[in-house]
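Residue numbers (this note's numbering), protein chains in the order written: chain A, 1 to 195; chain B, 196 to 390; chain C, 391 to 585; chain D, 586 to 780. Where is the CB? At the ideal position from N, CA and C, for every residue including glycine. Comments concern the structure below.
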DNA sequence: GCATAAGCGAGACGGTACGTCGAGTCTTCGA
DNA sequence: TCGAAGACTCGACGTACCGTCTCGCTTATGC
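Right, dumping it as structure tokens:
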């Protein structure tokens, strides 16, 4: 049986070289054209070193993102719920809209549909923290009376992010930065008739 | 440059065999393990015959779906908007929830992120018609005073389907059939404070 | 299970390119440095095409030799047994003595020690025919009264070729072209005391 | 450049463990499947310890043999040259005939064709002493009038051992223990017509 | 008697080649 | 001219070992 390697002996130099190479490729190359062989070559690293520490190329990418994104700005909280949600969605759109990076972003999410480990990794390290922030903000709003307290914050998060992702996924309508306004407005006021 | 083949000479027998083989594989095999070679072998068809008529395996799958799904039930219209939206989302969830098929469904959507032709095909043949139906239903609701007419139906469609897809994509929360109720309720009544 | 390929569809072009590339490498490169990847690259051929038709690089080499060597000169027959054996051994030495080719020659024999299929191939296509010729010549000599007929021709063949190969194998003594003379002389006259 | 290590500090425990592991593998495993990594693992030794003291796996094997074989019986000398040669060849055949060990034996000789250092080592420590013994015995025979003194002992040694090795190398004819009789008889009496 | 430098076990590292897989193209034959 | 069959070139896969390179950790002098 194959042993799991000894973390304490891991080469920091190699880890960084792989991160750097992956980041570079992510910005310039389409997801399918990014191969483990290319990452290894560009990083000046043996393939085995990659396979020793990561189960797939998508896992490397998640790793890179986690490191880059981790220290990003927290969920905005100006006291105005609608403005804050709008700001947050816009921030997200800014990433999805970038030509190469945005597609690669979606491609990793795509791969996660076929790879359970990756899905778990992606959720835990990229999405879960942000969604947790979102829910915190929503609960604050509930406490402040800016949001009904008979709606489930999970549901709201799904609607909020889902609305953006759906457009991004299917591109039936071109992406544009005014979208969040309409989305958030509809969500806050509801689509039902005025009561 | 390579000529496009003569549609009129196309073998209906081969087309059906390929459809059948693909459908069979879709229900039993993970997306990555479905290969054009396997489809060809299972259909008793030369690879060239596939390449002559389809640009990719995902395109075949879309083709199969389009045929299967086309005659499906139209958007429900009982007069009760909330109930109808709920019913439609539930129908959708029923597909996504199926263990192999649901994942393959998402995997095709995933692939469409890297393949523009596929994305167009998938939109045009699978999603666009359903979304058009949805919008029609929404406009009816507006006309009937069941829905505010200052909200964009595009936005509503995004929120509606996005909510479901988002859960399906990231599976942070397990999928279950009660979800549409909460989603639709929140969307209709809005999350803002009672006015 | 993997099917054996269809001989009749085999590409003659590819076969020849592989032969040529191998022959070129054999004359210039040490056996260990000849890899299937290099052969494929030099021949402008996919690796799979090699694996489809040959089980190992040594098998390719044997194939090349068989084609090159097949039409070689027959065993000499001048009527003088001693001279003929001498001539034949000298011809053999000429190959073994060549700097790169000779070593590669021994290296293939070496590999045949670890690969039964290769050993059979090498025997059948390269050695067996020559040894059969040798035995025919020896039997002629027996019929002509130039050789005792109470000695086994197999044994004589072993002594004859073995003597050359042994030197070539261990190189305890440098190889030189006068060796066959002494070898054949000792073998013909025997080493026992004059009777 | 890398310093040669200090012999006096060498671990005898490790040396023996490596010898033992190698001997075990030699008896059970095909030559190609014997790797330095396996030897190290089986011996419970770091790879570096092997590389520090031996240049190749074949060198380890030669080392093992040299130790095992060194104290072996000297060349027999009963006064009867023919019987003694026969006895010696038979002893040799006994090793070559063993199923795994015999093949590994030939495989090392094989490897020596590609590795000059190994060839020198193998000659010096395994073959040269035995061949020297053989030649001594032959010279004794010459002095005793049991062998012609116009034949070169080198040549005779080549014929003698070559005959055996040739069969072993190519296995055109299965090996059997009666072979040495015919070989030695032919060599002593010669194959030429009765004089 | 204690530092200090060696060999040691372990195993990660940069590489090279392996043998396999599937992609998409090309060729041959039969209908 | 399409279809079946399948060989072709290509490129990436994930694995196996190579030989080198750190890492602590014993030892075992020699200052």
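Amino acids of chain B, ordered along the chain, whose beta-carbon sits closer than 8 Å to that of residue 193 of chain A: 340, 341, 342, 343
Alpha-carbon to alpha-carbon, residue 77 of chain A and residue 86 of chain A: 11 Å
Does the CB of residue 469 of chain C have a neighbour CB from chain D at under 8 Å? By this cut-off, residue 469 of chain C is not an interface position.
Give me the chain B residues within the contact set of residue 109 of chain A, using Cβ-Cβ distance strictly less than 9 Å, ordered along the chain. 305, 308, 364, 365
Proximal residues of chain B, C-beta to C-beta of residue 62 of chain A below 9 Å: Residues of chain B passing the Cβ test: none, with the nearest at roughly 13 Å.
From residue 706 of chain D to residue 595 of chain D, what does the alpha carbon distance come to, in whole angstroms? About 21 Å.
Do you know offhand how far residue 145 of chain A's Cα is from residue 189 of chain A's? Here the alpha carbons of residue 189 of chain A and residue 145 of chain A stand approximately 14 Å from one another.
Residue 754 of chain D and residue 499 of chain C: beta carbons closer than 8 Å? yes
So which residues on chain B does residue 31 of chain A lean against when the C-beta distance must stay under 7 Å? 309
Counting only C-beta atoms, is residue 573 of chain C closer than 8 Å to chain D at any point? yes
Could you name the residues of chain D that residue 578 of chain C contacts, counting a contact when the two beta carbons are closer than 7 Å? 775, 776, 777
For residue 724 of chain D, is the classification buried or exposed, using 16 other Cβ atoms within 10 angstroms of its Cβ as the cut-off for buried? exposed
Can you list, in chain order, the residues of the region 201-229 of chain B whose Cβ is nearer than 9 Å to any Cβ on chain A? So the list reads 225, 226, 227, given in the order they occur along the chain.
Given this structure, state the Cα-to-Cα distance separating residue 675 of chain D from residue 519 of chain C, to the nearest angstrom. 28 Å
Just to confirm my understanding: we take residue 437 of chain C, look at its own chain, exclude 5 residues before and 5 after, and list those with CB closer than 8 Å. What are they? 426, 427, 430
With DSSP collapsed to three states, give me the class of residue 11 of chain A. coil
Quick check: what's the CA-CA separation for residue 616 of chain D versus residue 658 of chain D? 27 Å
Neighbour list for residue 508 of chain C in chain D, Cβ cutoff strictly below 9 Å: Simply none; closest approach about 12 Å.
Are the C-beta of residue 346 of chain B and some C-beta of chain A separated by less than 8 Å? yes
Would you call the CB atoms of residue 740 of chain D and residue 423 of chain C closer than 8 Å? no
Going by other Cβ atoms of all chains shown within 10 Å of its Cβ, with 16 needed for buried, is residue 105 of chain A buried or exposed? buried
I'd like the list of long-range same chain contacts for residue 573 of chain C, defined as Cβ closer than 6 Å, with 5 residues on each side in sequence excluded. Non-local beta-carbon contacts of residue 573 of chain C in its own chain, meaning distances under 6 Å to residues more than five positions away in sequence, involve 553 in chain order.
Rounded to whole angstroms, what is the Cα-Cα separation between residue 685 of chain D and residue 610 of chain D? 10 Å
Which residues, in order along the region 542-555 of chain C, keep a beta-carbon less than 9 Å from a beta-carbon of chain D? 542, 544, 545, 546, 547, 548, 549, 550, 551, 552, 553, 554, 555
Would DSSP call residue 197 of chain B helix, strand or coil? At residue 197 of chain B, the pLDDT of 44 sits below 50, so the modelled position is not reliable and the matter cannot be decided from this model.
Which residue wins for smallest C-alpha separation from residue 291 of chain B, given the options B/360, B/210, B/212? Among B/360, B/210, B/212, the Cα nearest to that of residue 291 of chain B is on B/360.
Extent of the continuous alpha helix (DSSP H) to which residue 482 of chain C belongs: 471-487
Roughly how many whole angstroms lie between the Cα atoms of residue 223 of chain B and residue 297 of chain B? Roughly 11 Å between the two C-alpha positions.
Could you pull out every residue in the same chain whose Cβ sits closer than 7 Å to the Cβ of residue 696 of chain D, ignoring the five residues on either side in sequence? 643, 703
What does residue 677 of chain D reach in chain C if we use C-beta pairs closer than 9 Å? The contact set of residue 677 of chain D on chain C, defined by CB atoms closer than 9 Å, is empty, because the minimum CB distance reaches about 12 Å.
What is the DSSP secondary structure of residue 414 of chain C, reduced to helix, strand or coil? helix
Run through chain C and tell me which residues come within less than 9 Å of residue 688 of chain D, C-beta to C-beta. 503, 504
Helix or strand or just coil, what does DSSP make of residue 308 of chain B? Residue 308 of chain B falls in the coil class under three-state DSSP.
Beta-carbon within less than 8 Å of residue 200 of chain B's beta-carbon, same chain only, minus the 5 sequence neighbours each way: which residues are those? 247, 248
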